[in-house]
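What follows is a single structure, written as structure tokens, with notes after it.
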Amino acid sequence: MALKVKISFNLSFLKRYTSIVIPVAIVVVALLFLGVTVLQGRSLVARMDKESLAVGKQIDQLMSKAPSARQWEEEKKYQDAHAEDAERIAQLGVHSSLRDLISYRIFPEPKDTSRQVFANFGQALRSRIEGLLTQIRGRGAPTQQEMQSQMGLDTSLSAGGNWSRANRNDMTQAMIDTICQKRAEEIGVYATPEAFAWYDFWEGYQFPGTDKAVEHCWYSQLAYWVYDDVVQAIQALNGSSTSVINSPVKRLIAVSFQKEADFPASTGAFYESSRMGGGRMSGEDRPMYLLQAGYPSVLGVEPWTGRVCNEENDVVHFSLGVIVAANAVGDFMKALCAEKITLFRAGFDESAPLEEGIHNSITILDSAVAPVERQDKEHELYRYGEQAVVRLTLTCEYLFNRAGYSPIMPKAIRDVLSVSSQGTGQTSPGGTSGARTAPPASRPAPSAPPPRRSGGRSVGGDDF
-11 MALKVKISFN
-1 LSFLKRYTSI
9 VIPVAIVVVA
19 LLFLGVTVLQ
29 GRSLVARMDK
39 ESLAVGKQID
49 QLMSKAPSAR
59 QWEEEKKYQD
69 AHAEDAERIA
79 QLGVHSSLRD
89 LISYRIFPEP
99 KDTSRQVFAN
109 FGQALRSRIE
119 GLLTQIRGRG
129 APTQQEMQSQ
139 MGLDTSLSAG
149 GNWSRANRND
159 MTQAMIDTIC
169 QKRAEEIGVY
179 ATPEAFAWYD
189 FWEGYQFPGT
199 DKAVEHCWYS
209 QLAYWVYDDV
219 VQAIQALNGS
229 STSVINSPVK
239 RLIAVSFQKE
249 ADFPASTGAF
259 YESSRMGGGR
269 MSGEDRPMYL
279 LQAGYPSVLG
289 VEPWTGRVCN
299 EENDVVHFSL
309 GVIVAANAVG
319 DFMKALCAEK
329 ITLFRAGFDE
339 SAPLEEGIHN
349 SITILDSAVA
359 PVERQDKEHE
369 LYRYGEQAVV
379 RLTLTCEYLF
389 NRAGYSPIMP
399 KAIRDVLSVS
409 SQGTGQTSPG
419 GTSGARTAPP
429 ASRPAPSAPP
439 PRRSGGRSVG
449 GDDF
């Protein structure tokens, strides 16, 4: 009964004030909306004040730093300086192929087509190569005749025989060791002219006709520039070393453009003396222009640089073999790729004075290190010292700036380089000698792989 009374009371209350309930509800809702609006408005005003002030300050700062109406003049100076830098770099590239010539009477066309002009070139090249070896105090190991003479033996003894290791007694071996050690202490590095194939090529040169002879001279000139850079690298590393024992670079094996640099056919103690001191490597060893990307060079290496002959540069590959101290491998590779001194005559004018510049033309594409077995015939007469030594074989890329040396380029060479888009890898003028007419299916292996490559390892930039 009490519950009913209460409900009745509430209903009667609602009935009494029904007319004002709805207005009151509207007022309450309106007040809520008004409160929310006021709060949001205050937040919005504060945010607008903050952002507007920040933007205003930023505008004030920008207005205070507004560039002068003559700012373009300063910008022009800045851009002109950049243009000068670019031009200077381009000129350095051109100067990198300005080199002193072996003869100024042959390129681009011989001033005299007589045979003597080319014979003189060959003699001059051989003399230049001998001069390179003088710079590094290079000489070969003692020859059989030299040892026989110093030991008071008959120099007419033939190869082998009593000179074989099996027939040598302790006294004979001791005398040989003394002679070999003395040679190592007298020179800076083991190196002979025969390490450069063009040296032997020009000995007793048979004139094949003017056009062919000009090609021989051209490729000999290119090769000599590479030879010079290799010798500069050896000289930079060995410095003023007084002996092979103290030199980081112990021996120059060979520089080759047609095949992997390898020991000459006869380097041991018991070969005929006429082939001692390095052995013969006669025959053309043409630097091959790399004309089309995507194919290995004649040395079997596809350049990771992707560089081939174009309107700016010409590219050739070469192989280099040296014996170096094991801890000097990286240093030698750095020296090889470092800047080299360039001597040139402006305009390739023989009457102009020699000038000095710099160039940096070598990039290492492939490398391998192999141990040296000192008892092998290739090393038997060589004394490298007590430190560990290794054989380092490199395949390198060499750049010639076309604008720099094109004024002396023979027509036959120009013809080949001007149609490089039709090439199939690489070629050289003058028939098919040394020309690659089709890309190889895979990297060719040497016809007779030297055993030293077994156990070798590749050396890359990280080994520096």
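Each residue of the sequence shown is one higher than the one before, counting from -11 in our numbering. Ideal Cβ positions, reconstructed from N, Cα and C, are used throughout, including at glycine.
Subject >> Pairwise C-alpha distance: D302 and E203 >> reply: 16 Å
Original post:
What are the start and end residues of the alpha helix (DSSP H) that includes F109?
Top reply: R103 to Q123
Original post:
Going along the chain, which residues of its own chain have a beta-carbon closer than 6 Å to the beta-carbon of G309, five neighbours each way excluded?
Top reply: I241, A242, A249 and T381
Original post:
With DSSP run on the structure shown, which of helix, strand or coil describes S31?
Top reply: The answer is helix: DSSP assigns S31 an H, G or I state.
Subject >> Inter-residue Cα distance where the pair is M264 and F184 >> reply: Unreliable placement is indicated for M264, whose pLDDT of 35 sits below 50; no coordinate value is reported for it.
Original post:
Sorted by chain position, which residues of the same chain lie with C-beta nearer than 8 Å to F336's C-beta, five sequence neighbours on each side aside?
Top reply: L86, L89, Y92, F95, P395 and I396
**OP:** Could you spell out the range, first to last residue, of the alpha helix (DSSP H) harbouring L210?
**Re:** T198 to N226
Subject >> Candidates E173, I350 and I222: closest to V312 by CA position >> reply: I222
Subject >> Spatially closest choice to C168 from Q136, G192, P130 and D188, by CA coordinates >> reply: P130
Subject >> For R379, the three-state DSSP class (helix, strand or coil) >> reply: strand
**OP:** Entirely within the region 292 to 361 and at least 4 residues each: give me those alpha helix (DSSP H) ranges in chain order.
**Re:** 317 to 325
Original post:
Below 8 Å, can you find three or more Cβ-Cβ pairs linking the region 229 to 241 to the region 171 to 185?
Top reply: Yes: at least three Cβ pairs fall under 8 Å.
Original post:
Around the Cβ of K64, are there at least 16 other Cβ atoms within 10 angstroms (buried) or fewer (exposed)?
Top reply: exposed
**OP:** Check K53 in the structure and name its three-state DSSP category.
**Re:** coil
**OP:** Return the CA-CA distance between Y386 and I350, expressed in angstroms with no decimal places.
**Re:** 5 Å
Subject >> Simplified DSSP state of E385, which is helix, strand or coil >> reply: strand
Subject >> Beta bridge counterpart(s) of S453 as assigned by DSSP >> reply: The chain is shown only over -11 to 452; residue 453 falls outside these bounds and no answer can be derived.
Original post:
What is the C-beta distance between D217 and L120, in whole angstroms, given that I count them as a contact (C-beta under 8 Å)?
Top reply: Contact doesn't hold; Cβ gap of about 10 Å is too wide.
Subject >> K467 (DSSP reduced to helix, strand or coil) >> reply: Because the chain spans -11 through 452 in this model, residue 467 falls outside it and cannot be assessed.
**OP:** Compute the Euclidean distance between the alpha carbons of M276 and L210, then round it to the nearest angstrom.
**Re:** One C-alpha to the other measures close to 10 Å.
Original post:
In angstroms, rounded to a whole number, what distance separates the CA positions of A257 and E182?
Top reply: Caution applies to A257, whose pLDDT of 43 falls short of 50 and renders its modelled position unreliable; the model cannot decide the point.
**OP:** Name the residue from V105, E191 and Q132 whose alpha carbon lies nearest to the alpha carbon of K365.
**Re:** Q132
**OP:** Tell me where the alpha helix (DSSP H) around T166 begins and ends.
**Re:** D158 to E174
Original post:
For Y393, does the three-state DSSP call read helix, strand or coil?
Top reply: helix
**OP:** For I329, I'd like the list of residues in its chain whose CB is within less than 8 Å of its CB, leaving aside the five on either flank, ordered along the chain.
**Re:** Q220, E344, G345 and I346
Subject >> Selection from F388, W206 and S244 that minimises the alpha carbon distance to E299 >> reply: F388
Original post:
Mind checking M140: buried by the 16 CB within 10 Å criterion, or exposed?
Top reply: Note that residue 140 is Gly in the sequence shown here, rather than Met. Flag for G140 reads exposed.
Subject >> Proximity of A179 and I124 at Cβ, strictly below 8 Å >> reply: In this structure, A179 places its C-beta atom within 8 Å of the C-beta atom of I124.
Original post:
So what does F184 bridge to, in DSSP terms?
Top reply: V243
**OP:** Kindly indicate which three-state DSSP category V404 falls into: helix, strand or coil?
**Re:** helix
Subject >> Residue interval of the alpha helix (DSSP H) (run including E134) >> reply: Q132 to Q138
Subject >> Assigned secondary structure, Y372 (DSSP; H/G/I helix, E/B strand, else coil) >> reply: coil
Original post:
Among P359, A358 and V304, which has the Cα closest to the Cα of T383?
Top reply: V304
Original post:
In whole angstroms, what separates the C-alpha of G192 from that of Q111?
Top reply: 10 Å
**OP:** Using the Cα positions of A316 and R274, report the straight-line distance between them to the nearest angstrom.
**Re:** 30 Å
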